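Residue numbering for the sequence shown follows numbering that gives the first Met the number 0, starting at 0 and increasing by one per position. Note that beta-carbon positions come from the ideal geometry of N, C-alpha and C, so glycine has one too. Bear in mind that the values here come from a model prediction, so they are computed numbers and not experimental data.
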Amino acid sequence: MENAHLPKLSIITVCYQAGKSIERTIQSVITQTYPHIEYIIVDGGSTDETISIIHKYADRISRWISETDKGLYDAMNKGLRLATGDYVMFLNADDYLYANNTIEQVFTFCSQADAYYGETMFVDVMGNPVGLRSAVTPHRLPEKLNWKSLKYGMTVSHQSFIVRRELAPYFDIRYHVCADIDWMIVCLKRCQTVCHTRIVISCFRTGGLSKQRQRKAWKERYLILQKHYGVLPNFFHHLLIVLRYLFSGRRY
C-alpha cells in the first residue's frame, strides 16, 4: 500500500511473567506488512525469561520499559503515555494479531475513521482455534458499534479495537478487573465515525477468571454500566445478561 499519509499506529503490549507467551505476541506485531507501527512493551518487572525475549527483539521494538506498577490498568496507562501514534491499540501478552497483514487490512476499509473494530478468534493454550468470540460466547459483534452497544457488556474485545490516540482516555485504575469496558465506552462516546472492518483482528488465549475474580468482575461491570446507562436501565439489562448466560449453553 502507498506509504504517503498513512496513519501511525501505536501497539501497546503489557506483560508480567509472560515468558511462555510473549514471543508469539511480539512476532505477530513485528512481521506486520503495515509500515507505520510504533511498538511499545510495558513489563511489570518480570523475573522469568520475559526480559530476555524482549531483548532478543529489541531492535524491532520502538520502546520498552520494565518496572513495578499498580496493576494491569496502571501499566496500560504507562503505555498510553509513551505512545506517539495517531491511533492506539492494546495487544497484551496472551494475545496476538490474527495475520501478518491484519493492520494493513484494517486501514484499507475506511479512511480516517475515529475507531476501527473487528472479530476476535479464541484459541486454546496451544494456539489452536476454539472459535470466533461471537460464536462461542453470548456476545455478538454489533453491525454498527457505538457507546450504547456495550450496555449488555463487552461486545468487542479491546484487542480488536483501534482508536485515535487523542480520543483515548487513561484507564480508571479504581477498577481492577473491568476498567477496559469503562475505557471503551468513553472512547466511543468521543468517536464520530466507527469502522466495522469485518475481519478477525486478534487472537485471544482463553483461560477464564477465578471464581473470586469473576465475582469482582461482575460487581465492577455492574457499577461501570450503571454509571454510563443509569440505575433502572442497567438493572434490566443485567437481568437479560443473566438470562442470556443461563440459556446460551456457551462455554466462555
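Shown here for asparagine 99: same chain residues with a beta carbon closer than 7 angstroms to its own, the five before and five after excluded, namely Thr30, Gln31 and Thr32 in chain order. DSSP lists no bridge partner for proline 137.
Within the same chain, Ile184 come within 7 angstroms of histidine 227 by CB-CB distance, once the 5 residues on both sides are set aside. Contact annotation: alanine 114 and cysteine 186 have beta-carbon atoms nearer than 9 angstroms. Of the residues Glu37, Tyr151, Ser65 and Asp58, the one whose Cα lies closest to the Cα of alanine 17 is Ser65. When DSSP states are grouped into helix, strand and coil, histidine 157 belongs to the helix group. In the displayed model, cysteine 186 falls within a helix according to three-state DSSP.
Distance from the Cα of threonine 192 is smallest, within the candidate group Gln111, Leu8 and Ala167, for Gln111. By the C-beta density criterion, methionine 75 is buried, having at least 16 other C-beta atoms within 10 angstroms.
At a Cβ-Cβ threshold of 9 angstroms, threonine 154 and leucine 166 do not count as neighbours.
By the criterion of a C-beta distance shorter than 6 angstroms, lysine 77 is surrounded in its chain by Val41, once the five residues flanking it on both sides are discounted. Histidine 4 sits in coil when the DSSP states are folded into three classes, being neither helix nor strand. Excluding its 5 nearest sequence neighbours in each direction, aspartate 85 has C-beta neighbours in its own chain below 6 angstroms: Pro6 and Lys7, listed in chain order. If you draw a straight line from the Cα of isoleucine 180 to the Cα of leucine 90, it comes to about 15 angstroms. Shown here for tyrosine 169: same chain residues with a beta carbon closer than 7 angstroms to its own, the five before and five after excluded, namely Asn76 and Leu79 in chain order. Ranked by Cα distance from glutamate 22, the options Leu149, Pro34, Glu48 and Ile11 are led by Glu48.
In the DSSP assignment, arginine 173 falls outside any beta strand (DSSP E) and carries neither an H nor an E.
For valine 129, the enclosing beta strand (DSSP E) starts and ends at 128-131. Burial state of threonine 196 is buried, judged by a 10 Å Cβ sphere holding 16 or more other Cβ atoms. DSSP places valine 124 outside both helix and strand once states are collapsed to three, so it counts as coil. Around the beta-carbon of threonine 83, fewer than 16 other beta-carbon atoms lie within 10 Å, marking it exposed. In the assembly as shown, alanine 178 is a buried residue. Its beta-carbon has 16 or more other beta-carbons within 10 Å. A Cβ-Cβ separation of about 5 angstroms places isoleucine 25 in contact with tyrosine 56 under the 8 angstroms criterion.
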